[in-house]
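Engineer: Dropping a structure here in structure tokens format, bear with me for questions.
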Amino acid sequence: MKAFVENRFGLLVLVVVALSALYGVAFVTRPAPAPPKAEGPRKVAVESVTAVCPGAKGEQVNVYLPGRLSREVMKDGKPYVTNGPGALEAGYTTRVTSGSRRGLSGVRCTEPTQVAWLAGPGPADADVILHLTNADKAPAQADVEVYAAEGPVSGDQGRGVELAPGEHKEIDLRTLAPSADVMAVSVTTVFGRVAVAARASMRVGGVDWLPLAAPPATRVVVPGIPGGGGRRRLLVAAPGENDVTVKVKAVSEDAEYAMKGREEV
1 MKAFVENRFG LLVLVVVALS ALYGVAFVTR PAPAPPKAEG PRKVAVESVT AVCPGAKGEQ
61 VNVYLPGRLS REVMKDGKPY VTNGPGALEA GYTTRVTSGS RRGLSGVRCT EPTQVAWLAG
121 PGPADADVIL HLTNADKAPA QADVEVYAAE GPVSGDQGRG VELAPGEHKE IDLRTLAPSA
181 DVMAVSVTTV FGRVAVAARA SMRVGGVDWL PLAAPPATRV VVPGIPGGGG RRRLLVAAPG
241 ENDVTVKVKA VSEDAEYAMK GREEV
């Protein structure tokens with residue numbers, strides 16, 4: 001009888017151990033729950049935009065609102081900072097209306113950005129002033145790098161430009177690269193947010209704001225090149241450490257063709 005009881009309990013222990021082993025195997029091999037399905041990209045309306053319209057010291061600058069005849073007048077040369085609906089702020093433009101540089105030169109008011117690129121004439125041919133604006137209530141810092149035909153030329157002089165909350169600074173790029181004929185400029189925000197613009201006054205006459213350029217990429221499309229008289233120049237910069245070859249094509253309404261003598265740069 002005693003042997004029977006011992007055998008029965010021994011069998012029970014074996015069954016419990018076996019069931020535990022099976023449960024453990026089942027638990028380990030159970031498939032993980034499927035992750036939630038990721039939502040695809042959606043288009044949403046821009047609710048608010050901060051735009052900075054650069055000013056000019058000693059000159060009156062008008063800021064024109066899109067679709068309206070009204071304007072804001074800046075007499076002290078300080079930048080005009082506005083916050084509002086995205087559909088409205090995105091179309092603000094600024095134009096100098098007094099002083100020796102008045103005329104048709106104008107620029108779209110820009111939004112603060114992490115990295116900004118500009119390309120245009122260098123300090124050897126023009127007086128180029130870089131405008132940096134911190135429109136926020138927190139401090140900001142930016143690094144300015146100038147590239148010429150021989151590569152980076154500004155060294156560490158443009159690094160660590162500090163802007164207090166609401167501060168605007170103008171940097172004469174001659175102090176960073178005095179001998180460049182043409183140049184590309186990058187402004188990288190280290191922390192905070194900085195709005196960037198630049199104005200070039202040619203030595204032979206004429207003044208204009210430099211539009212923001214496309215960031216470095218393997219393919220870039222430059223739209224809206226106007227016809228008529230005058231020269232058209234394409235400025236290409238390679239900020240990396242290696243030489244690059246660029247293929248240039250012109251695209252018209254019904255064709256795409258290589259430019260004679262300029263198939264590759």
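Following the numbering used here, the numbering of the sequence shown begins with 1 at its first residue and continues without gaps.
The beta carbon of each residue, even a glycine, is placed where N, CA and C say it ideally should be.
With a threshold of 7 Å between beta carbons, is V190 in contact with chain B?
Structural biologist: Although the question refers to chain B, the structure presented lacks it and comprises just one protein chain.
Engineer: Could you pull the start and end residues of the beta strand (DSSP E) that S201 belongs to?
Structural biologist: Taking the sequence shown and counting its residues from 1, the one referred to as residue 201 is at position 201. A195 to M202 is the span of the beta strand (DSSP E), which, as asked, contains S201.
Engineer: Could you check whether the region 191-200 touches the region 218-226, counting it as contact only if at least three pairs of C-beta atoms, one from each stretch, sit closer than 8 Å?
Structural biologist: Taking 8 Å as the limit for Cβ pairs, the verdict is that the region 218-226 does not touch the region 191-200.
Engineer: Could you please give the first and the last residue of the uninterrupted beta strand (DSSP E) stretch that includes K249?
Structural biologist: On the sequence shown, position 249 is the one that residue 249 refers to. Note, K249: beta strand (DSSP E), K249 to V251.
Engineer: Let's test the definition: count the other Cβ atoms within 10 Å of the Cβ of E145 and tell me whether it reaches 16, buried, or not, exposed.
Structural biologist: Here residue 145 corresponds to residue number 145 of the sequence shown, with the count starting at 1. Buried.
Engineer: Within 10 angstroms of its Cβ, does A51 collect 16 or more other Cβ (buried), or is it exposed?
Structural biologist: Position 51 of the sequence shown, counting from 1, holds the residue named residue 51. By the neighbour-count rule (16 or more Cβ atoms within 10 Å), A51 is buried.
Engineer: Using only CA atoms, which one of P123, Y257 and P226 lies nearest to S201?
Structural biologist: Within the sequence shown, residue 201 is the residue found at index 201, counting from 1. Nearest C-alpha to S201: P123.
Engineer: Write down the C-beta distance between Y257 and K249 rounded to the nearest angstrom, noting that I regard them as a contact closer than 8 Å.
Structural biologist: Walking along the sequence shown from the start, residue 257 turns up at place 257. Walking along the sequence shown from the start, residue 249 turns up at place 249. Between K249 and Y257 the Cβ distance is about 7 Å, and since that is below 8 Å, they are a contact.
Engineer: Helix, strand or coil: which one does DSSP assign to R174?
Structural biologist: Position 174 of the sequence shown, counted from the first residue, corresponds to residue 174. DSSP places R174 in helix when its eight states are reduced to three.
Engineer: Note the first and the last residue of the continuous beta strand (DSSP E) segment covering M183.
Structural biologist: Stepping through the sequence shown from its first residue, residue 183 is reached at position 183. M183 -> beta strand (DSSP E) spans V182 to F191.
Engineer: Just to confirm the assignment, what range does the beta strand (DSSP E) spanning T133 have?
Structural biologist: Counted from its first residue, the sequence shown places residue 133 at position 133. Segment A126 to T133, the beta strand (DSSP E) holding T133.
Engineer: Taking Cβ to Cβ, would you say T188 is nearer than 7 Å to D136?
Structural biologist: Your numbering for residue 188 matches position 188 in the sequence shown. Your numbering for residue 136 matches position 136 in the sequence shown. Not closer than 7 Å, so no.
Engineer: Is the beta carbon of L235 closer than 7 Å to that of A126?
Structural biologist: Within the sequence shown, numbered from 1, the residue matching residue 126 stands at position 126. Within the sequence shown, numbered from 1, the residue matching residue 235 stands at position 235. Their beta carbons are not under 7 Å apart, which means A126 does not touch L235 by this criterion.
Engineer: Does A197 pass the burial test, meaning 16 or more other C-beta atoms within 10 Å, or should it be called exposed?
Structural biologist: To locate residue 197, count along the sequence shown from 1; it is residue 197. Buried, by the Cβ-count rule.
Engineer: What did DSSP end up calling P215 once you bin it into helix, strand or coil?
Structural biologist: Counting from one through the sequence shown, the residue named residue 215 turns up at place 215. Reduced to three states, the DSSP call for P215 is coil.
Engineer: In whole angstroms, what separates the C-alpha of A184 from that of D254?
Structural biologist: Against the sequence shown, residue 184 aligns to sequence position 184. Against the sequence shown, residue 254 aligns to sequence position 254. Straight-line Cα distance between these residues: approximately 32 Å.
Engineer: Return helix, strand or coil for T113, following the three-state DSSP convention.
Structural biologist: Here residue 113 is taken as the residue at index 113 of the sequence shown, counted from 1. It is a strand residue.
Engineer: Alpha carbons only, please: which of V251, V244, R232 and G155 is nearest the one belonging to A177?
Structural biologist: One-based indexing of the sequence shown puts residue 177 at position 177. Looking at the Cα atoms, G155 is the closest of the given residues.
Engineer: May I ask you to report which of helix, strand or coil DSSP gives P152?
Structural biologist: Taking the sequence shown and counting its residues from 1, one reaches residue 152 at position 152. Residue state, collapsed to three classes: strand.
Engineer: Using only the alpha-carbon positions, how far apart do A138 and L210 sit?
Structural biologist: Counting from one through the sequence shown, the residue named residue 138 turns up at place 138. Counting from one through the sequence shown, the residue named residue 210 turns up at place 210. Spanning the two alpha carbons is a distance of roughly 27 Å.
Engineer: For P226, count neighbouring Cβ atoms within 10 angstroms of its own Cβ and tell me buried if that reaches 16, exposed if not.
Structural biologist: Mapped onto the sequence shown, residue 226 falls at position 226. Burial call: exposed.
Engineer: In this structure, does DSSP put A258 in helix, strand or coil?
Structural biologist: Here residue 258 corresponds to residue number 258 of the sequence shown, with the count starting at 1. Note: A258 maps to strand in three-state DSSP.
Engineer: Counting C-beta neighbours from all protein chains within 10 Å, is the total for G205 16 or more, i.e. buried, or is it exposed?
Structural biologist: The residue given as residue 205 occupies position 205 in the sequence shown. So G205 ends up on the exposed side.
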